[in-house]
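Note that the working numbering has the sequence shown beginning at 249, numbered continuously upward.
In what follows, a structure is listed as structure tokens, so that the remarks can point back to it.
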Amino acid sequence: MKILVTGFEPFNNEKINPSEEIVHRLKAPMGVTLIKEILPVEFEKTKVCLRELLQLHQPDVVLSLGQAGGREEITVERVAININNVKSSNGSKMLPDNAGAVPVDEQIEKEGETAYFTTLPLWKMVEVMQKKGISAAISNSAGTYVCNHVMYETLYLAAEKYPHVKAGFIHVPFLPEQIAHREDKERVAAMPLEDMVTALQEVLELLMTEYRFI
Ligand code: PCA
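Below, the structure written as structure tokens:
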């Protein structure tokens, strides 16, 4: 079986994105062809990239990873919504993507569903990480930025064109070095890279056992 695992380049003035570091370190479980890709933090480009990647590799499973700075746990996303929006919830800030795009409340796919649920086994994924002693939880919102966009697009493509493809998204916290220089570092969560890699390697092994016969 084939698993496509994606991470992201850095964004929002960071020099590093933990999701990219994790992807580089993951190993293919036995019997799995693991394809690794680092995506740009750009709404438009990721849409094109995902179409090309699914067409080219024909994966059975797509697992995408991204940074959710401030979260304490590794979080498995339940749902992706049909909205691109860079405005913060109280409207006070905008975070342009790495190409400078600033969509506000734009639909991702005119013909798409309002939302898609992950087709990966949420609770089992959380449990295998917790069993390794790593903080993990379900998240009920992937936000409205590029991560939600990537999760939505993948599930949209799966629903429309690749019905056998299982797909989902995992957000990871900051790395310790990302918060070391911050004044509020006492209050911002971080997790060592080693733990994140251990957790995600467990998730890959789980996905292999869940889907090896499809
Ligand atoms: N996190 C952002 C986009 C890229 C990333 O790593 C997000 O949560 O949308």
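The beta-carbon is built from N, C-alpha and C at its ideal position, and this holds for glycine as well.
Just verifying my parser: in three-state terms, what is the DSSP assignment at residue i?
i	result
L274	coil
E300	helix
K250	strand
Could you check if residue i is buried or exposed, using at least 16 other CB atoms within 10 Å of its CB as the buried criterion?
i	result
L405	buried
A428	exposed
L304	exposed
K295	buried
D345	buried
A384	buried
F461	exposed
V334	buried
Give the range of the alpha helix (DSSP H) segment to which residue i is assigned.
i	result
V374	370-379
L441	441-459
F259	Here F259 belongs to no alpha helix (DSSP H), and DSSP marks it neither H nor E.
I427	424-427
Of the choices the options, whose alpha-carbon is the least far from that of residue i?
i	options	result
V436	E320, E257, N260, V296	E320
T367	F417, I356, S389, M342	F417
M364	N332, A390, E354, L403	Checking the sequence shown, residue 364 turns out to be Tyr, not Met. Per the Cα distances, L403.
N260	F422, T362, S312, A276	F422
M373	H412, L452, G391	L452
N330	H412, K250, M249, C395	C395
E401	L298, A276, P411	L298
V289	N265, A415, K409	N265
So the beta strand (DSSP E) residue i belongs to, where does it begin and stop?
i	result
A328	327-329
K284	281-287
In chain order, which continuous runs of the beta strand (DSSP E) of length 3 or greater are located wholly inside the segment 388-422?
-> 414-420
Hey, which unbroken runs of the beta strand (DSSP E) at 3 residues or more fall wholly within the segment 310-367?
-> 322-325, 327-329, 363-365
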